[in-house]
Amino acid sequence: MGLLLQYALDIRKFEIELYWKRATYFWVLIAAAFTGHFVILGADEKHFPDKQYLAYIVACLGLVLTFAWYQANKGSKYWQENWENHVDSIEDSVIGPLYKTILARPPSANLVERLVGPAPVSVSKINQWVNIFTLFVWGCLVYNTLAPFDLRAPLSVKHVVVGFATGLCCVVLLCLARTHRGGHEHIATTRVTAISRGRQP
Numbered sequence: 039m040g041l042l043l044q045y046a047l048d049i050r051k052f053e054i055e056l057y058w059k060r061a062t063y064f065w066v067l068i069a070a071a072f073t074g075h076f077v078i079l080g081a082d083e084k085h086f087p088d089k090q091y092l093a094y095i096v097a098c099l100g101l102v103l104t105f106a107w108y109q110a111n112k113g114s115k116y117w118q119e120n121w122e123n124h125v126d127s128i129e130d131s132v133i134g135p136l137y138k139t140i141l142a143r144p145p146s147a148n149l150v151e152r153l154v155g156p157a158p159v160s161v162s163k164i165n166q167w168v169n170i171f172t173l174f175v176w177g178c179l180v181y182n183t184l185a186p187f188d189l190r191a192p193l194s195v196k197h198v199v200v201g202f203a204t205g206l207c208c209v210v211l212l213c214l215a216r217t218h219r220g221g222h223e224h225i226a227t228t229r230v231t232a233i234s235r236g237r238q239p
C-alpha cells in the first residue's frame, strides 16, 4: 500500500506540472494571437487592403485557442482530482489522514489580514474564470471586426466560412475531445534478432 500511495502522489505531482506547462503553452499562443490582431488593425491599408478580414481570422483563431485552453484546463483538473481521490482512499492505511487534514489560520477581524492573508481559493478555478473572460474579449474582437449588420448588404461567403469553421472547431473540442473510457485492444509484435558469428581470420 505504501508503494501505491507513493505512485499516486508522484502522478498527482506530475499532473500538476503538466497543468502549468499546458497553461504556459496556450498563453504563448493566445498572446501571439492578440499581438497579431492589433498589429494587423494598426497596419497601413496600403499594405493590408483587407486588414479587417485578416483581423477577423486572427480573432477567430484566438477564440478557438482560448476555448481549447479552457477545455485543457478542465481535463487537467479532472485527472489531478482522480489521483487526489486515489491518495484519499489509500493514505489512511499507510500514514493516516495527512492529505485530508487541513490546518489553517483562524479567521481574523483585521482588514489587512483579510486582504493579504491566505484563503481557500482554487487556483484552477481562477484560471477557468480567466479563460471565460478571455473568451468574452475574443468574442468582442470578432464582433468588432465585422462590418455593421445590413440586410441589404451582400452575404460575405469568406466571413461565413471562417465563422462556421470556428464554431465547428469549438463543437469538436466540446463534444469529441473527451477521454475514451472503454476498453482497449492492443496489437503486440516482437522482433526476433539473431547474431551470427563471423569467420575467424
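Sequential numbering from 39 applies to the sequence shown in this note's numbering. In this text, a Cβ means the ideal position worked out from N, Cα and C, and glycines have one as well. Predicted model, so just to flag it, every value in this text is computed and none were measured.
Would you kindly work out how many angstroms separate the C-alpha atoms of residue i and residue j, rounded to a whole number?
i    : j    : result
C98  : Y91  : 11 Å
L184 : Y94  : 7 Å
P158 : P145 : 12 Å
M39  : E129 : 8 Å
H75  : K112 : 27 Å
P209 : T217 : Before going on, a small fix: residue 209 reads as Val here, not Pro. Their Cα atoms are separated by approximately 16 Å.
P186 : G80  : 20 Å
F52  : S234 : 45 Å
A215 : G177 : 22 Å
T139 : W167 : 27 Å
P156 : R190 : 58 Å
W107 : L211 : 10 Å
N123 : D82  : 56 Å
V77  : K89  : 10 Å
V132 : N148 : 40 Å
C213 : W65  : 23 Å
L41  : V180 : 52 Å
K163 : L43  : 26 Å
A110 : A232 : 46 Å
V291 : H222 : Shown here, the chain extends from 39 to 239; a query on residue 291 therefore has no answer.
Y63  : G220 : 30 Å
H224 : C207 : 30 Å
With respect to the alpha helix (DSSP H) encompassing residue i, which residues constitute its N-terminal and C-terminal limits?
i    : result
N120 : 89-129
F187 : Segment: none, F187 is in no alpha helix (DSSP H) and carries neither H nor E.
Where does residue i sit, in a helix, a strand or coil, going by DSSP?
i    : result
I54  : helix
T73  : helix
E83  : coil
L47  : helix
G40  : helix
T62  : helix
L214 : coil
I78  : helix
I225 : coil
I233 : coil
*Which whole runs of the alpha helix (DSSP H) in the stretch 129-208 are 4 residues long or more, in chain order?*
If you keep only unbroken alpha helix (DSSP H) runs of at least 4 residues inside the stretch 129-208, you get 149-154, 161-183.
_Tell me whether the stretch 148-157 and the stretch 47-61 touch, counting them as touching only if at least three CB pairs, one residue from each stretch, are closer than 8 Å._
With fewer than three CB-CB distances shorter than 8 Å, the stretch 148-157 does not count as touching the stretch 47-61.
*Contact the stretch 100-109 vs the stretch 171-188: 3+ CB pairs below 8 Å*: They touch, by the three-pair rule.
*Would you say the stretch 54-68 touches the stretch 109-123, given that touching needs at least three Cβ pairs under 8 Å?*
Three or more Cβ pairs drawn from the stretch 54-68 and the stretch 109-123 lie within less than 8 Å of each other, which places the two stretches in contact.
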